[in-house]
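Novice: Just so you know, the protein sequences line up as chains E and C, in that order. Each residue of the first sequence is one higher than the last, beginning at 1 in the working numbering. Each residue of the second sequence is one higher than the last, beginning at 1001 in the working numbering. Got a structure for you, questions after.
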Amino acid sequence: MLIDIITQDTSQAMLSLIARSQQGNGLVSALHVRFGNLGLSPDESELVPVIRSILEEKQAAIYFFDDGDVVITWRGAQKAVLEALIATLEKVFSPANRRDFCTYYDIQAHGQDLRLLCMQKTGPTPAKEKQTASVVQSPVVGSSSIPPVSESDLHIMEKGRAEFQSAVQARKTRLRPEILIVEDQLFSRKLLVTMLENKYKIHESEDAKAGLDIYLQCAPDIVFLDIEMPGANGHQFAALVHGLDPQAYIVMVTGNNQLDDVKRAKENAAKGFVIKPFSREKIQDHIQKFLRERR
Amino acid sequence: MKPAVDLTNLNDMIGDDPDLRAELFKEFIKSSEESLAVLRASCDEASQEIWRKESHSMKGISLNLGAEALGELCKTAQEHYTDPAAAKRELLSQIETEYSRVKDFLLKDGA
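See the structure below:
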């Protein structure tokens, strides 16, 4: 199932730009450089030569955002190109915090529809998420004219939409609740499955990406969702799923009880928060709460 | 000395199924030993994020197993992921000692 990608730290506007700038099929890379975090606003004359030195032949486009951030997109997904680009940017701009400097996206493009294959952050999430990209200047390399960004860009392509809507309809009349468990640790996942499989239909996934595919196919009644996982994390999954399905019932399950995690879970409309060690009682409480609310 | 593992919560979750219990213990040992190998290799400053994630991962399964002391040590490791390498090696040594107690329990008393 193909989906458009919207994550917490990637604005819808930015992704629309990627779709528009790299038309056709194939692998596309995008690098979000957080100059804004460094208080930098490099101008075109400063940045373009740096980018050109690496991406000259790769149909690149550069977008400058009002807050200083820059998004660079190009055809292909060679790791060596990415590493060279990041190394060069770091050398030129000497970020104080390298780990919070860039986010890289590896994308499969089908025309203007995108599928996220890999997202790699080079550091912790900034305290304030960027919700919308501000006005974008014209690209200075490669891409031709770009239509204005539309707020109505779809989160799901039509192909997947019908299947997902059908699953959502089926959920309304489902007698036996279906539960999706997204948890990267096999030990903890197995515990949850064992506890619940007698009463409920269980779907399980070891990462957010596969979990999302299952979600779109099955529209589960409840999701028990780990936060820290390789690849996209639980918060990103929750944000995306809530955007697709406002009725989603997501319970975060985590070893962390940090305020920031609780806050982000609430922002993503999670219905509950379970701290490990979980127990039969804690998990059942959330299922009972869901069943009461559904009535 | 308190037992390394309290299986009360785990037993409540999985019921009285010795095969399943043995399978879970095996998975716990496998996963923990993978985590320990990663932690051993990531005490240096350049691997702070790897250290933090791995100690977080081991903390989660330790607490779910009922190995509270091991879980607390892993929690400390996660919180102190920016400590110097020497301090991390000392903490890792404590984790390994406690893990040995947990493993002995699982292989002997808990099986």
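Virtual Cβ for every residue (Gly too), placed ideally from N, Cα, C.
Quick one: using the 10 Å Cβ neighbour count with 16 as the cut-off for buried, is VAL92/E buried or exposed?
Specialist: With fewer than 16 other Cβ atoms within 10 Å, it is exposed.
Novice: With contact counted as at least three CB pairs below 8 Å, one residue from each stretch, are the region 1012–1024 of chain C and the region 1034–1048 of chain C in contact?
Specialist: The region 1012–1024 of chain C, when compared against the region 1034–1048 of chain C, does not touch it at the 8 Å Cβ threshold.
Novice: Hey, which unbroken runs of the beta strand (DSSP E) at 3 residues or more fall wholly within the region 169–232 of chain E?
Specialist: Within the region 169–232 of chain E, the complete beta strand (DSSP E) runs of at least 3 residues are 178–182, 201–205 and 222–226.
Novice: Got a sec? Which residues, its chain only, sit under 7 Å from PRO1003/C by beta carbon, not counting five neighbours each side?
Specialist: Excluding positions up to five away in sequence, the list reads PHE1105.
Novice: Could you give the DSSP three-state label for GLY272/E: helix, strand or coil?
Specialist: Three-state result, GLY272/E: strand.
Novice: Just to confirm before moving on: does the CB-CB distance between ASP260/E and PRO230/E stay below 8 Å?
Specialist: Not closer than 8 Å, so no.
Novice: Using the beta-carbon of each residue, which ones in chain C are nearer than 8 Å to MET195/E?
Specialist: Within 8 Å Cβ-Cβ: MET1013 and ILE1014.
Novice: Measuring alpha carbon to alpha carbon, tell me which residue in LEU27/E, SER41/E and SER45/E is nearest VAL33/E.
Specialist: For VAL33/E, the nearest C-alpha among the options comes from SER41/E.
Novice: Does the beta carbon of GLU1031/C come closer than 8 Å to any beta carbon on chain E?
Specialist: Sequence inspection shows Ser at residue 1031/C; the Glu mentioned does not correspond to that position. Judged by the 8 Å Cβ criterion, SER1031/C is in contact with chain E.
Novice: Let me see if you follow: with CB-CB separation under 8 Å, is SER94/E close to chain C or not?
Specialist: Not closer than 8 Å to any Cβ of chain C, the Cβ of SER94/E fails to qualify, so no.
Novice: Run through the region 40–66 of chain E for me and flag every whole alpha helix (DSSP H) of 4 or more residues, listed as ranges in chain order.
Specialist: For the region 40–66 of chain E, whole alpha helix (DSSP H) runs of length 4 or above, ordered along the chain, are 44–55.
Novice: Output, in chain order, the set of chain C residues within a Cβ distance shorter than 8 Å of GLN185/E.
Specialist: Near GLN185/E (Cβ distances below 8 Å), the residues of chain C are SER1031, SER1057, GLY1060 and ILE1061.
Novice: Taking GLY68/E as the reference, which of LEU55/E, GLY39/E and THR88/E has the closest Cα?
Specialist: The residue with the shortest Cα to Cα distance from GLY68/E is GLY39/E.
Novice: Using the beta-carbon of each residue, which ones in chain E are nearer than 9 Å to THR1054/C?
Specialist: Inspection of the sequence shows that residue 1054/C is occupied by Glu rather than by Thr. The contacting residues do not exist; GLU1054/C stays about 11 Å from chain E at best.
Novice: If we ignore side chains and look at the alpha-carbon of each, how far apart do SER138/E and TYR63/E end up?
Specialist: For SER138/E, the predicted structure reports a pLDDT of 29, less than 50, and the residue's modelled location is therefore unreliable. A value from the coordinates is still provided. Straight-line Cα distance between these residues: approximately 7 Å.
Novice: Using three-state DSSP, classify ALA84/E as helix, strand or coil.
Specialist: Three-state DSSP puts ALA84/E in a helix.
Novice: How big is the Cα-Cα spacing for TYR200/E and ILE250/E?
Specialist: The straight-line gap from Cα to Cα measures roughly 16 Å.
Novice: Alpha carbon to alpha carbon, how far is GLU83/E from GLU1049/C?
Specialist: Going from the Cα of GLU83/E to the Cα of GLU1049/C covers about 19 Å.
Novice: Quick one: give me the first and last residue of the beta strand (DSSP E) that ARG75/E is part of.
Specialist: It spans 70–75 - the beta strand (DSSP E) in which ARG75/E sits, taken as one unbroken run.
Novice: Is the CB of ALA234/E under 8 Å away from at least one CB in chain C?
Specialist: In the sequence as presented, Ala is not what sits at residue 234/E; that position holds Gly. Not an interface residue.
Novice: Where do the ends of the beta strand (DSSP E) carrying THR254/E lie?
Specialist: First-last of the beta strand (DSSP E) with THR254/E: 250–254.
Novice: Label GLY1060/C either buried or exposed according to how many other C-beta atoms from any shown protein chain fall within 10 Å of its C-beta, with 16 as the threshold for buried.
Specialist: It counts as buried.
Novice: Below 8 Å on the Cβ atoms is my contact criterion, and I expect ILE1029/C with LEU1070/C to pass it. Report the Cβ-Cβ distance as a whole number of Å.
Specialist: The Cβ separation is near 12 Å, so there is no contact.
Novice: Does the CB of LEU225/E have a neighbour CB from chain C at under 8 Å?
Specialist: Output row for LEU225/E: interface = no.
Novice: Can you find a CB in chain C that lies within less than 8 Å of the CB of SER279/E?
Specialist: Answer yes: the Cβ-Cβ gap between SER279/E and chain C drops below 8 Å somewhere.
Novice: Taking SER1062/C and LEU186/E to be in contact with their CB atoms under 8 Å, please state how far apart those CB atoms are, rounded to whole angstroms.
Specialist: Incorrect: roughly 14 Å between the Cβ atoms, too far for contact.
Novice: Is there a Cβ of chain E sitting closer than 8 Å to that of LEU1020/C, yes or no?
Specialist: Yes, contact with chain E.
Novice: Say whether chain C places a C-beta atom closer than 8 Å to the C-beta of GLY255/E.
Specialist: At least one chain C Cβ lies under 8 Å of GLY255/E.
Novice: May I ask you to verify whether the region 224–243 of chain E touches the region 253–273 of chain E, counting CB pairs closer than 8 Å and requiring at least 3?
Specialist: Segments in contact, yes.
Novice: What would DSSP say about ILE283/E, mapped onto helix, strand or coil?
Specialist: Helix, per DSSP.
Novice: Using the Cα positions of ASN1011/C and ARG1101/C, report the straight-line distance between them to the nearest angstrom.
Specialist: Cα to Cα, ASN1011/C sits roughly 20 Å from ARG1101/C.
Novice: Would you identify the three-state DSSP class for HIS32/E, choosing helix, strand or coil?
Specialist: Correct three-state label for HIS32/E: strand.
Novice: How would you list, in chain order, the residues of chain C whose beta-carbon sits under 9 Å from the beta-carbon of SER41/E?
Specialist: By Cβ distance, chain C contributes nothing, its closest Cβ being about 28 Å from SER41/E, past 9 Å.
Novice: What span of residues does the alpha helix (DSSP H) with ASN257/E cover, start to end?
Specialist: Run containing ASN257/E: none; DSSP gives neither H nor E here.
Novice: Determine, using beta carbons only, whether GLY255/E and LYS282/E come nearer to each other than 8 Å.
Specialist: In this structure, LYS282/E does not lie closer than 8 Å to GLY255/E by Cβ.
Novice: Does any residue of chain E have a CB that is nearer than 8 Å to the CB of PHE1105/C?
Specialist: So no, PHE1105/C is outside the interface.
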